[in-house]
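Report on the following structure.
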Amino acid sequence: METKNNIRHIAFIMDGNGRWAKKRMMPREYGHKFGAKKFKEIASHCYDMGLQYLTFYAFSTENWKRPDNEVNSIMKLFMEYLDDAKKSLDKDVGLVFIGERDRFSEEMLAKMEFLENSTKNCPKKLCIAINYGGRAEITSAVNKLIAEGKTKITEDDITANIYSGFCPPPEMIIRTGGEVRLSNFLMWQSAYSELFFTDTLWPDLKASEVDDIIDQFAGRKRRFGGV
Ligand code: IPE
Ligand code: IPE
Ligand code: MG
Numbered sequence: 006m007e008t009k010n011n012i013r014h015i016a017f018i019m020d021g022n023g024r025w026a027k028k029r030m031m032p033r034e035y036g037h038k039f040g041a042k043k044f045k046e047i048a049s050h051c052y053d054m055g056l057q058y059l060t061f062y063a064f065s066t067e068n069w070k071r072p073d074n075e076v077n078s079i080m081k082l083f084m085e086y087l088d089d090a091k092k093s094l095d096k097d098v099g100l101v102f103i104g105e106r107d108r109f110s111e112e113m114l115a116k117m118e119f120l121e122n123s124t125k126n127c128p129k130k131l132c133i134a135i136n137y138g139g140r141a142e143i144t145s146a147v148n149k150l151i152a153e154g155k156t157k158i159t160e161d162d163i164t165a166n167i168y169s170g171f172c173p174p175p176e177m178i179i180r181t182g183g184e185v186r187l188s189n190f191l192m193w194q195s196a197y198s199e200l201f202f203t204d205t206l207w208p209d210l211k212a213s214e215v216d217d218i219i220d221q222f223a224g225r226k227r228r229f230g231g232v
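Numbers given in this note's numbering equal positions in the sequence shown, counted from 1, plus 5.
Here is the structure:
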């Protein structure tokens with residue numbers, strides 16, 4: 006099954022949780038909590054329409070700069086998600102975590118690896134970018150290749166060695182929260198992605214807006230450098 010526009014992979018930059026909470030005179034953590042709920046809702050909606058691959062930007066390599074209490078509350082929400090994922094995930098959806106793993110607790114790593122291993126044969130994939138940076142991803146792919154003894158590296162080598170090399174690059178990247186930038190997301194994979202930016206704050210995003218954005222995709226002329 007394919008979606009009407011033959012889209013296989015959509016990547017989301019889930020931005021605007023903090024501002025959403027501030028508008029409600031609540032701490033930023035409150036926004037992240039609603040953001041996490043929204044992530045599950047949007048993911049289910051996209052799989053229901055036939056998408057095979059989804060990527061969500063949950064935490065960047067730069068987000069460690071935030072105050073400790075905010076970082077801790079995001080990690081706590083992530084832990085809750087890991088505990089819940091086994092029950093809440095569709096049976097045919099496999100989880101993959103993309104990003105550097107060096108800063109997570111043993112407990113968190115064990116849960117992540119368990120979920121990845123136990124869902125690895127599922128045909129649909131849900132990539133969660135956590136402690137993820139696009140530059141770090143490319144650098145780590147190059148270092149892996151050097152360690153293997155390669156002296157000449159091709160584009161295909163890098164594609165095969167980035168964290169999400171198993172899935173096609175996203176046809177669409179959707180960023181909520183009004184900022185018009187990629188913030189170090191999918192630097193390699195986004196070369197020919199169609200980019201969409203909406204002012205809607207992530208916790209306010211509705212499935213119907215995702216549908217509208219997918220409709221806009223049909224109007225984009227993808228030339229890939231041709232005419
Ligand atoms: C995105 O929302 C979630 C993370 C980066 C973890 P923000 O927390 O960046 O929300 P704003 O951009 O400050 O509103
Ligand atoms: C990008 O949002 C990272 C995630 C959504 C996880 P940020 O809020 O960190 O991006 P900047 O700082 O506005 O570029
Ligand atoms: Mg932000």
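By construction, the Cβ of each residue, glycine as well, lies at the ideal position given by its N, Cα and C atoms.
Computed from a prediction, not measured in an experiment: that's the story for all the values here.
Sorting Y86, A152, R140 by C-alpha distance to the C-alpha of Q194 places R140 at the top. Taking all protein chains shown into account, L114 has fewer than 16 neighbouring C-beta atoms within 10 Å of its C-beta and is therefore exposed. Each of D217, T181, E199, N189 was checked against the Cα of L206, and the nearest Cα belongs to T181.
In the three-state reduction of the DSSP assignment, G99 falls in the strand class, which pools E and B. Between H50 and A223, the C-beta spacing is not below 9 angstroms. Restricting attention to beta strand (DSSP E) runs no shorter than 3 residues, the segment 75-121 encloses them at 98-103, ordered along the chain. Closer than 8 angstroms to some heavy atom of ligand 2: that describes the Cβ of D20.
Per DSSP, reduced to three states, the secondary structure at F190 is coil, with no helix or strand assignment. Bounds of the beta strand (DSSP E) holding L131 are 129-137. Scanning the segment 152-179 for uninterrupted alpha helix (DSSP H) segments of 4 residues or longer gives 160-166, listed from N- to C-terminal end. At least 9 angstroms separates the beta-carbon of L100 from that of E67. Per DSSP, the beta-bridge partners of Y58 are H14, K130. S65 carries a strand assignment under DSSP once its states are collapsed to helix, strand and coil. Going by DSSP, E46 is part of the alpha helix (DSSP H) stretching over 33-53. E199 and K226 have their C-alpha atoms roughly 9 angstroms apart. In the three-state reduction of the DSSP assignment, E214 falls in the helix class. With a contact defined as Cβ atoms closer than 8 angstroms, I47 and L210 qualify at about 6 angstroms.
If you ignore the 5 residues before and after G138, its C-beta comes within less than 8 angstroms of the C-beta of S65, T66, E67, G104, E105, N189, all in its own chain and listed in chain order. Taking the Cβ of A63 as the reference point, at least one heavy atom of ligand 1 falls within a distance shorter than 8 angstroms. Relative to ligand 3, the nearest heavy atom lies less than 8 angstroms away from the CB of E184. With a 10 Å radius around the Cβ and a threshold of 16 neighbouring Cβ atoms, S110 comes out exposed. Approximately 4 angstroms separates the beta-carbon atoms of G23 and R33; this is inside 8 angstroms, confirming the contact.
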